Each structure stands twice: as structure tokens, then as C-alpha cells.
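Going by full-length UniProt numbering, the sequence shown opens with residue 1, and the numbers climb by one from there.
Glycine included, every Cβ here is placed at the ideal spot set by N, Cα and C.
A quick note: this is a predicted structure, and the numbers were derived from the prediction, not measured.
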Amino acid sequence: MSNFESRVDGWGFDSSANCCDWLGVLCDSSSSLGLSDGSSGSGRVAELVLASKKLVGNLSDSVGKLDQLRLLNLSHNFLGGKLPESLLHLPNLQVLDLSYNEFSGQVPESANLPSLHVFNISENYFHSSLPVWICTNSTGVQVLNLAVNNFSDVIPPGLGNCGSLQNLSLATNSLTGGISEDIFTLGQLVQLSLQENSISGPLGSGIGNLTELVWLDISTNGFSGSIPDVFQNMKKLQYFTAHTNGFAGSIPSYLSILPSLEFLNLNNNSLTGTIALNCSAMSSLVSLDLGSNSFRGPFPEGLPNCQKLRSVNLARSKFTTPIPQSFKNFSSIAYLSISNSSLSNVSSALGILQHCSNLTVLVLTLNYFDEELPSDASLSFPKLKVLVMSNSRLRGSMPQWMRGCTSLELLDLSWNRLGGTIPSWIEITGLPALIHRNMSISEPSPDFPFFWKKNMSSGVLQYKQYTSLPSTVDLGGNSLHGLIWPEFGNLKSIQTLVLSNNFLSGSIPVNLSEMTSLETLNLSYNNLSGSIPSSLALLNFLARFSVAHNNLSGTVPRGGHLSSFLDSSFEGNNLCGYHAAPCPESRSNPGSANHSDNHSGSSDHGMSDRNLGMTIGLACGVGIGIALGTTRIGFII
């Protein structure tokens, strides 16, 4: 153990030290042998637990002298190098946890751990073939976690020798070929994680032999063919995710009546047919993601009968009927994405969905083309935090009923044909959650991409939020005109404000500098005039900014983050100084850019490449998949 480069708190290294008194060391009383042959002590080391101690270095061969060791936990450190062979020849070792370190190389094939129950080397840099030889001499292994390494090649035979295995994780490696038939013989398996590899071919009907399975994750692989209809005996299965594969055919009939199932994710496959689930039987279902497949047919009317169902993604389906009246009784639903699903009659849809009393997230983008956004003031969505209705060519103006969305934190109506002015109610009384956020979401949905950030502090700077669903107002790509309201400055918790590609005029309000959480500000492609307020340099978290293609003039302010943006953020104006042409000592008649140069000449504004680059996840991206920068998230796709 002396190969550690960092000192272990609570350890002494003088010859008289009793190692059995050290932190993380547990001894038995069979002899007086300590950590090494020459150490004194009251017993032999039986357990060594030094998890999360910031240890650096590698393991010495002397660890093999701890022949009474039953438990070794060195997880969550910075240990590296190769595993000493002596470590894998400890006859009494039951638990070996080296996860979350920097070990590399191959796992020695000479391993002989006859007492082993738990073998966890996940989150390291091991490579070559899977060390299934562990099962040859360690037939009592119950947990085998080899996830997040660099293991490659096919899954070799031999796993079937681990007949007591309950938890097998081979996730996030580079495994290829088909699924090993050995796995289907592991009758006691409770959790099987194969996600994020390149395993291909059919799943195989043998998966139905795993009747004790509670958790099955085969997502992000190359599986093809149909999902075998063998779930009738898998009565304990609670979690099944097979997203991002090449499965075809329909949803297996036994899967659609499984009463134990809580989470089902088949997103991003090539499944066809109608969505036919027996929600009267699926009494435990909480989360359903069938998005990005090729389902066609009527909208599934029976979903409200899944009385615990909170999260539903049916995006990219081709429904032949509108949202049914049965959804008025869908009291459990909180997250609903049905974007790009050939839906019509937006007035009826909103009238029905307002009765979903717990609806928090609603994504309807790429539907209801050329319809008019209803202005019915009686519509009410008091719990709605996210509303996305972008890229639909919706007509009309921003309706009064949105004033009652008092919990709203993300509003995306971008790339429609909405006209009129930005209503004054969008500031103080209309959207109080955006003025001072009091987040009531304690944890993210497994299917909706809430963003999480750690608190940031540097000097006097500190983020005043603890959960980071990005507070957003995105009205880009419409036909809005008039002024930008100074009261936008009251939206203290807004992180993203996109008003690009409209016909807004007047000056940029100085008050925008009071939006102290702002990370993205896009005012490009409008008719704004005057100068850029120097107070915008006070926006300490601003990371994306554009005022390109307006009628702005004067000197570009220096200081703060404004100095860090590319010239393209300021082009297409009459600005001078930093990021623009040098300023003359005096200038008159600065001229004005023609509005026709800033827009395409119609309400369907063309989005320039550079504008798209800035707003890929904002002006048009929230409706195609929530994104921040260029990181795309899949739930609402």
C-alpha cells in the first residue's frame, strides 16, 4: 500500500503503529499480522475501505499478502496503473470494488478468487476482451460490473458459469457481435445493463428465460428485428429501455399488458403499427417513451387509464385523429411531448389539455400548421412550467390566456407567424416564476431533460438557483413589431431571451442589464436602432450574444463578456470600435441599414447560417429537442 502518492488521513507509518486502529481498516482476531508481514497489530486485516479519499498512485503487489482480506473498497479515487496479479489471488476476498479510478491495461487472466461475491471495476480504462474468466474460479459472484471501460470484441462464452449472478453490467464499452446465449442461462439475474455498445443482431427469445429480471437496459446498440414477445413470464420487470436501436415491427402484446412495468422507453427505433397499450392492465406504468418511431393510426385514447402515468413522449408519430376527449381525465400526466405528430385543431387540443390538472411540460411543436393560436381567455394552465409550440406557422398574436400561466419558466413560440406587439403582461404580473423562481421540482423526470448545474461562485458572483431548467422566453422568427419592453429587466431568472428575426424597433432597453441570470441574448435581425447599452457588460453570465443585422450605431461597448464575442455578433449595423470598423473622431449621418437587408421580406424569415449557429437550441431548437449550445437532448424530439 506504500505506493500511494497521497497520504491517507488517519494512518501512521511508524513501525510501532497498530494498523488495526487506522481509518478504514477492520481486523479480525486470528493473529497479530497487520498490513504487512512486519507490522504489529491486534489481528489480520479483514476489511479495507478507503473510498473517496482522493488517493493517488497505484497498488503494490504487497496487497496480495492480506490473505484474510474479505472486503477491499478503493472506489472513487485517482488510483491508476495495472492491477497487481496478487490482488486477484486472495482466497477469502468477497467484495472487490475499484470503481471510479484510473486503472488501465488488461485484467490478469490468472484470477482465482473462490470466495468472490462482488467484482466492480467500472469507470476505469481497462481494455481488451471482457474478463469472463472471473466466472471460472468465482462461481459464486452475484455482482459483476465491468461498465464504462474500453473492453471490446464480442461477448465471449463463460458468463454462464456465474450461476449466482444477480447484477450484470457491461454498459458503455465497445462490445460487438450478438448477445451471448450464456446470458440467457443466468436465471437469478435481477439487473442486466448492456447499453451503449455496438451489440447487433436480434435480441433472441431467450431473454424470456430471465424471469427474475427487474431492470433491463439494452439501449444505444445495433439490435434489429422485432422485439420478441416473451414477456409473459417476466412478471417482475419494472424497467425496460431499448431506445436507439433498429427494432422493427409492433410493440409486443405481452409487453403492453405487463402489470409490473414502471418505465418503458422504446424511443428512436423503427417500430410500426398503432400504439395499443392495455392501460387497465399496466397499473404501475409511470413513464412511457415511444417517440421517434413510425407509429401510425388513431391517437391512443386509453392512456388516461394508466393511472400512475406521469411522463409520455409520442413525438414523431403520424396520428390520424386529434387528441381525444378522454385526456380531460388524465389527472396524473405531468410531461407530454407529441411534437411532429401530424396533429390538427389546436383549439380543441388546448381546450382538452387544460383539464390535465398536473400538466407541467407540454411540447406541441411541428403540429397545427397554419392554424390560429386560440385567444380564448378562459384557457388555464396554472401548473405549466414549459410550453413549446414552435415551428408550426401558427397565426395570430400572443394570446391573453398565457397571462394565466403563472408557473411558466420556459416559453418557446419561435418560428411561427405571430404578429402584433410583445404584450406588456409578459413582464411583472404575467410570468412571476420568471421574475423570482421558487422551484418546486425536486428531481428531474427520467425522460425530460431538466438541466442541472452546480452553484457557481467566484468572488462576489453566485448563481441564485439550485435546479437549472433553463428559464427561457423564445419568440424568435415571428412577425412581432413595436418595442422591446424595458420591463423585461424584471425577469431576473431568465437565462435565455431570444427575440431574433422579427420586426422590433426602437432602442435596446438599458434595463436588460438587470436580467442578472441571462446567459443567451439574441436580438439579431430586427429594426433596432440607437446604441448598444454599455450596461450590458454587467451581465456576468452572458455566454451567447447577437445584435447582428439591425440599425444600431455608435461605439461597441468594451468590458465584461461583450469583448469576448465574435465580430459576427455585431455585423450588419453601423457600429464602430471594438468588433467593428475604427471609429472616426466625429461622425455624422451614420446612415441606416435597410430593413429589407435584415429580413427575407416575408413573415417566414430566412435563418442565416450564423444566426442558426447561435440559436440552434434556442430560437428553433427547443421545438426540435431542447438544447443548450449544441448539446441536443432527446425527450421532445
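- Beta-carbon to beta-carbon, Lys-385 and Thr-360 are separated by about 5 Å, close enough to satisfy the 8 Å threshold.
- For Val-154, the enclosing beta strand (DSSP E) stretches over residues 150-154.
- Secondary structure in the stretch 288-342: the beta strand (DSSP E) runs of 3 residues or longer, each lying completely within the stretch, are 311-313 and 335-337 in chain order.
- Straight through space, the alpha carbons of Glu-102 and Pro-114 are spaced by roughly 26 Å.
- The secondary-structure analysis by DSSP pairs Gln-191 across a beta bridge with Asn-167 and Trp-215.
- Residue ranges of uninterrupted alpha helix (DSSP H) with 4 or more members, entirely inside the stretch 86-163 and ordered along the chain, are 134-137.
- Here Val-190 is not near Val-154, since their CB atoms are 8 Å or more apart.
- Lys-53 counts as buried, since at least 16 other C-beta atoms from the protein chains shown sit within 10 angstroms of its C-beta.
- The beta carbon of Gln-232 sits closer than 6 Å to the beta carbons of Tyr-254 from its chain, once the five residues preceding and following it are set aside; these are given in chain order.
- Within the same chain, Tyr-368 and Glu-371 come within 6 Å of Val-346 by CB-CB distance, once the 5 residues on both sides are set aside.
- Under the three-state reduction of DSSP output, Arg-544 falls in the strand class.
- Counting only runs that start and end inside the stretch 208-294, there is no alpha helix (DSSP H) element of at least 4 residues.
- For Ala-46, there is no enclosing alpha helix (DSSP H); the enclosing beta strand (DSSP E) has its first and last residue at 45-49.
- As computed with DSSP, Ala-581 is found in a beta bridge with Cys-576.
- By alpha-carbon distance to Pro-582, the top candidate from Val-556, Gly-572 and Gln-238 is Val-556.
- Judged by their CB atoms, Asn-221 and Ile-199 are nearer to each other than the 8 Å cut-off.
- Taking the CA atoms as reference points, Val-49 sits about 28 Å from Ser-128.
- In the displayed model, Gly-80 falls within a strand according to three-state DSSP.
- If you check the CB distance, Thr-421 and Leu-480 come in under 8 Å.
- For Leu-411, the uninterrupted beta strand (DSSP E) run begins and ends at 410-412, by DSSP.
- Following the DSSP letters along the chain, one finds Leu-72 in no alpha helix (DSSP H) but inside the beta strand (DSSP E) bounded by residues 71-73.
- Note that the C-beta distance between Gly-476 and Val-498 is below 8 Å.
- Short of 6 Å from the beta carbon of His-76, and not among the five residues preceding or following it, lie these beta carbons of its own chain, in chain order: Ala-51, Ser-52 and Tyr-100.
- The three-state reading of DSSP puts Asp-567 in helix, counting H, G and I together.
- In terms of Cβ geometry, Ala-248 and Leu-277 do not form a close pair [threshold 8 Å].
- Shown here, His-481 sits in a strand according to DSSP, grouped into three states.
- Every beta strand (DSSP E) of 3 residues or more that sits fully in the stretch 360-425 is shown, in chain order, as 361-363, 386-388 and 410-412.
- For Gly-351, the enclosing alpha helix (DSSP H) has its first and last residue at 346-353.
- Per DSSP, Gly-554 is one residue of the beta strand (DSSP E) stretching across 551-555.
- Leu-528 carries a strand assignment under DSSP once its states are collapsed to helix, strand and coil.
- Counting along the chain, the unbroken beta strand (DSSP E) around Val-25 starts and ends at 25-27.
- Distance from the CA atom of Ser-507 to the CA atom of Leu-528, rounded to whole angstroms, is 6 Å.
- Under the three-state reduction of DSSP output, Asn-522 falls in the strand class.
- The beta carbon of Val-141 lies closer than 8 Å to those of Leu-116, His-117, Val-118, Phe-119, Ile-134, Cys-135, Cys-162, Ser-164 and Leu-165 in the same chain, with the five residues before and after it left out.
- Put simply, the backbone Cα of Ser-563 is about 12 Å away from that of Leu-538.
- Exclusion of the five residues before and after Ser-378 leaves Trp-401 as the residues of its chain whose Cβ lies within less than 8 Å of its Cβ.
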